[in-house]
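A.B. asks: Residue numbers (this note's numbering): 191 to 648.
Using N, Cα and C, we set each Cβ at its ideal position, and we do this for glycine too.
Sharing a structure, written as structure tokens. Questions coming.
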Amino acid sequence: MREHERARHLGNTLVWRGDPGYESTRARMLWNELTPPRFPDVIVRATSEEDTRDAIGLARSRGLRVALRASGHSWCGSPLRDGGMLIDLSRLRRHTVDRHSAVVQPGVTSRDLAHALAGHDRAFPVAHSGSVALSGFVLSGGLGWNSRAWGPACHSLRSIQAVTAAGELVRCSEDENADLFWAARGAGPGFFAAVTSFGLSLHRLPPATMTTRYVFPLADLEDIAYWTDEVAAAVPSNVELSVVLTTADHPVRPGSPPPKVVVVTATVFASSWDDATLSLEPLRDCPLAGRSLIRQADQPTSYDVLFAGSDALWPRRHRAAADSLWLNEDFGTLLPGMGRYIAGAPSDESLVLAVLSPGGPATVPPPEDMAFAPLGGIYLGCYAIWRDQTLDEANLRWLRETIRAAEPLGAGYYVGETDLLAAPSRARRSFTPAAWERLQALRAEHDPDGVFEPYPHP
Ligand SMILES: Cc1cc2nc3c(=O)[nH]c(=O)nc-3n(C[C@H](O)[C@H](O)[C@H](O)COP(=O)(O)OP(=O)(O)OC[C@H]3O[C@@H](n4cnc5c(N)ncnc54)[C@H](O)[C@@H]3O)c2cc1C
């Protein structure tokens, strides 16, 4: 197809810089209210696989680099680049599900998929927030619910359909275009093809999902961190164990400010209620329970409740920035040092999260060879979340200082949540050295003209 035919076919899916509506379209490309001052030449609001192919053809003939976007949850705003073409895939939202597999388009969200699968008694390690699309999440590795037992989301990726830099629509799996498939399982925002659908293998919907939660004053952090290590050594892999340092929603006493708190949460995805209760046993007789502000034991839960909990921690319509680290330390070594930072956070909505990762002990080791690898047994996420535009610099500085304090303990970054703009080495240090080398070689082979944007960098 010739250039003008492609442009005509794409018609009103194209929004050029300078068109009425360009700025509001650009601002809608990210979930975050902190919209970086980067301006694509054109935004394509694709409605089909064909649009995606035409858009890449148009970009090639005009010499425009291509960036992609599904739900725009990239914390560092990787879909928004200066110049070039941004292809928005969020309108591609079809999915088909049968008993063992699903095929989903890039705009399908974690909530959509969890609901669709539940009707078939199936599940997938979807992202913790329901609004995150499967697309960038699976491509980054995907640290989803129950991923110590089921593996990161990319372990359950069986195939993709993608438009390559040459403009061809190809299917990739372990047997076809295996190199591209290897890269799709972890390359994240540096992947060099536009995925138009994902073939997923599914897991049985756990019949019993249950949560135990304790909330303690921040002053008790050190003791709690050591106790959490004991719990971590005792719970099976189908328990997701996390510690969040943040500010409570409510004051303890009327008139006092809401306190800084430590929230220890364990959620089990079990085959029966008896198994669920047994799996949460290590949290039952907490020796520090007398110091807790809140204790909720063995509460039956559901994906909707879990998503609602995440929505409260990572609320929409806020300014936000994040950074992350893998660590091979324990909670007792890591967390006490983090307490000081949460105590001094400029925003009460900010939080530090430490969670047992799929790279930790008692997890199913990744059987497949893929670009993604969990680089540590604990995953640390630091999240600055605020509303007031005039406090951007204070909150971003807090994030930088907090992650810097943990970095000496770090074993690498997670490409899906690290701030790739913080240092040029961030992308490289999100992979094993061998995986990084292979990614570079594959990019040079599959995208020799640099059609697709590389990893964002400072
Ligand atoms: C509130 C919130 C909760 C989160 N929870 C989790 C979590 O539980 N676990 C976790 O691992 N991560 C989590 N993340 C991080 C999230 O997985 C990544 O930001 C991911 O990139 C989001 O997917 P997306 O489709 O919205 O990506 P987008 O922001 O739309 O795109 C990011 C990049 O991914 C690439 N990309 C996206 N779609 C395609 C495609 N179809 N083809 C080729 N390249 C593509 C592009 O390079 C693009 O620049 C969370 C983020 C937020 C904001």
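So, helix, strand or coil for phenylalanine 621, using DSSP?
C.D. replies: Taking the first residue of the sequence shown as 1, we reach residue 621 at position 431. Looking at phenylalanine 621 - three-state DSSP - the assignment turns out to be coil, as it is neither helix nor strand.
A.B. asks: Can you list, in chain order, the residues of its chain whose CB lies under 6 Å from that of alanine 535, leaving out five sequence neighbours each side?
C.D. replies: For the purposes of this step, residue 535 is identified with residue 345 of the sequence shown, where counting begins at 1. Excluding sequence neighbours, alanine 535 sits near Trp588.
A.B. asks: Please name the residue, chosen from Ala617, Trp335, Asp369, that lies closest to tyrosine 493 on a Cα-to-Cα basis.
C.D. replies: Translated into the one-based positions of the sequence shown, residue 493 becomes position 303. Checked all of Ala617, Trp335, Asp369; the closest Cα to tyrosine 493 is Trp335.
A.B. asks: With DSSP as the reference, label histidine 393 as helix, strand or coil.
C.D. replies: Counted from its first residue, the sequence shown places residue 393 at position 203. In the displayed model, histidine 393 falls within a strand according to three-state DSSP.
A.B. asks: Under the assumption that leucine 632 contacts alanine 384 (Cβ atoms under 8 Å), give the Cβ distance between them as a whole number of angstroms.
C.D. replies: Translated into the one-based positions of the sequence shown, residue 632 becomes position 442. Translated into the one-based positions of the sequence shown, residue 384 becomes position 194. That belief does not hold up - the Cβ atoms of leucine 632 and alanine 384 are roughly 16 Å apart, past 8 Å.
A.B. asks: When you compare each of Leu435, Arg509, Thr299 to leucine 586 by their alpha carbons, which one comes out closest?
C.D. replies: Here residue 586 is taken as the residue at index 396 of the sequence shown, counted from 1. Ranking Leu435, Arg509, Thr299 by Cα distance to leucine 586 puts Arg509 first.
A.B. asks: May I ask which residues mark the beginning and end of the alpha helix (DSSP H) holding tyrosine 416?
C.D. replies: Taking the sequence shown and counting its residues from 1, one reaches residue 416 at position 226. Here the alpha helix (DSSP H) through tyrosine 416 covers 411 to 424.
A.B. asks: According to DSSP, is glutamate 358 helix, strand or coil?
C.D. replies: The residue labelled residue 358 in the question sits at position 168 within the sequence shown. Looking at glutamate 358 - three-state DSSP - the assignment turns out to be coil, as it is neither helix nor strand.
A.B. asks: What are the residues that DSSP puts in a beta bridge with leucine 546?
C.D. replies: The residue you call residue 546 lines up with position 356 of the sequence shown. Leucine 546 is bridged to Ile568.
A.B. asks: Return the chain-ordered list of same chain residues with a C-beta closer than 8 Å to the C-beta of isoleucine 173, the five sequence neighbours on each side being excluded.
C.D. replies: Outside the modelled stretch of the chain, which goes from 191 to 648, sits residue 173, for which no answer is possible.
A.B. asks: Do the stretch 376 to 393 and the stretch 460 to 467 make contact, defined as three or more Cβ pairs closer than 8 Å?
C.D. replies: The count of Cβ pairs closer than 8 Å, one atom from the stretch 376 to 393 and one from the stretch 460 to 467, stays below three, leaving the stretches out of contact.
A.B. asks: Looking at leucine 537: is its Cβ nearer than 7 Å to the Cβ of tryptophan 504?
C.D. replies: Within the sequence shown, the letter at position 347 stands for residue 537. Within the sequence shown, the letter at position 314 stands for residue 504. Sequence check: residue 537 is serine here, not leucine. Not in contact: serine 537 and tryptophan 504 (Cβ atoms no closer than 7 Å).
A.B. asks: Would alanine 368 be called buried (16 or more neighbouring beta carbons within 10 Å of its own) or exposed?
C.D. replies: Start at 1 with the first residue of the sequence shown, and residue 368 comes out as number 178. Under this definition alanine 368 is an exposed residue.
A.B. asks: Quick check on the burial criterion: 16 or more other C-beta atoms within 10 angstroms. Buried or exposed for proline 472?
C.D. replies: As a working mapping, residue 472 is identified with position 282 in the sequence shown. Its Cβ being crowded by 16 or more others within 10 Å, proline 472 is buried.
A.B. asks: Going residue by residue through the stretch 234 to 258, where are the continuous alpha helix (DSSP H) segments of at least 4 residues, counting only ones entirely within it?
C.D. replies: 239 to 252
A.B. asks: Taking DSSP as the reference, what is the three-state secondary structure of tryptophan 221?
C.D. replies: Translated into positions along the sequence shown, residue 221 becomes position 31. In this structure, tryptophan 221 counts as coil in the three-state DSSP scheme.
A.B. asks: Please report the Cβ distance between alanine 422 and leucine 431, rounded to the nearest whole angstrom; I am assuming they are in contact, meaning their Cβ atoms lie under 8 Å.
C.D. replies: Mapped onto the sequence shown, residue 422 falls at position 232. Mapped onto the sequence shown, residue 431 falls at position 241. Confirmed, about 6 Å.
A.B. asks: Please state whether the Cβ-Cβ distance between glutamate 607 and alanine 533 is less than 7 Å.
C.D. replies: Locating residue 607 in the sequence shown gives position 417, where the first residue counts as 1. Locating residue 533 in the sequence shown gives position 343, where the first residue counts as 1. A distance of 7 Å or more separates the beta carbons of glutamate 607 and alanine 533.
A.B. asks: Can valine 322 be considered in contact with ligand 1, in the sense that its beta carbon sits closer than 6 Å to one or more heavy atoms?
C.D. replies: By 1-based counting over the sequence shown, the position of residue 322 is 132. For ligand 1, at least one heavy atom lies less than 6 Å from the Cβ of valine 322.
A.B. asks: Can you tell me whether tryptophan 221 sits near ligand 1, meaning its C-beta is under 6 Å from at least one heavy atom of the ligand?
C.D. replies: Mapped onto the sequence shown, residue 221 falls at position 31. Yes.
A.B. asks: Tyrosine 573 and leucine 610: beta carbons closer than 7 Å?
C.D. replies: Reading the sequence shown from its first residue, position 383 is the one you call residue 573. Reading the sequence shown from its first residue, position 420 is the one you call residue 610. Contact: no.
A.B. asks: Comparing C-alpha positions only, which one of Pro526, Ser280, Thr203 sits nearest to tyrosine 416?
C.D. replies: Here the question's residue 416 lines up with position 226 in the sequence shown. Residue Pro526 is the option with its Cα nearest to tyrosine 416.
A.B. asks: Any heavy atom of ligand 1 inside 6 Å of the beta-carbon of glycine 208?
C.D. replies: Taking the sequence shown and counting its residues from 1, the one referred to as residue 208 is at position 18. Not under cutoff, so the answer is no.
A.B. asks: Residues in the same chain with beta-carbon distance under 6 Å from serine 300, minus the five sequence neighbours each way, listed in chain order, please.
C.D. replies: As a first step, residue 300 must be located in the sequence shown, where it is residue number 110. If we look at serine 300 and ignore the five residues flanking it on each side, its Cβ neighbours are Val316, Ala317, Gly320, Val322.
A.B. asks: Does DSSP classify leucine 333 as helix, strand or coil?
C.D. replies: Stepping through the sequence shown from its first residue, residue 333 is reached at position 143. In this structure, DSSP gives leucine 333 a state outside helix and strand, which the three-state scheme calls coil.
A.B. asks: Is serine 330 near glycine 378, with beta carbons less than 7 Å apart?
C.D. replies: The residue you call residue 330 lines up with position 140 of the sequence shown. The residue you call residue 378 lines up with position 188 of the sequence shown. Closer than 7 Å, so yes.
A.B. asks: Between alanine 339 and chain D, is there a C-beta pair that is closer than 7 Å?
C.D. replies: Checking the listed chains, one finds no chain D in this structure; it contains a single protein chain.
A.B. asks: Taking the beta strand (DSSP E) that serine 349 belongs to, which residues open and close that run?
C.D. replies: If you number the sequence shown from 1, residue 349 lands on position 159. Here the beta strand (DSSP E) through serine 349 covers 347 to 353.
A.B. asks: Would you tell me roughly how many angstroms separate the C-alpha atoms of tryptophan 626 and alanine 561, rounded to the nearest one?
C.D. replies: Within the sequence shown, numbered from 1, the residue matching residue 626 stands at position 436. Within the sequence shown, numbered from 1, the residue matching residue 561 stands at position 371. Here the alpha carbon of tryptophan 626 sits roughly 8 Å from the alpha carbon of alanine 561.
A.B. asks: Considering Cα atoms alone, identify which of Lys450, Ser264, Val605, Ser337 is closest to proline 170.
C.D. replies: Nothing in the structure corresponds to residue 170, since the chain is present only between 191 and 648.
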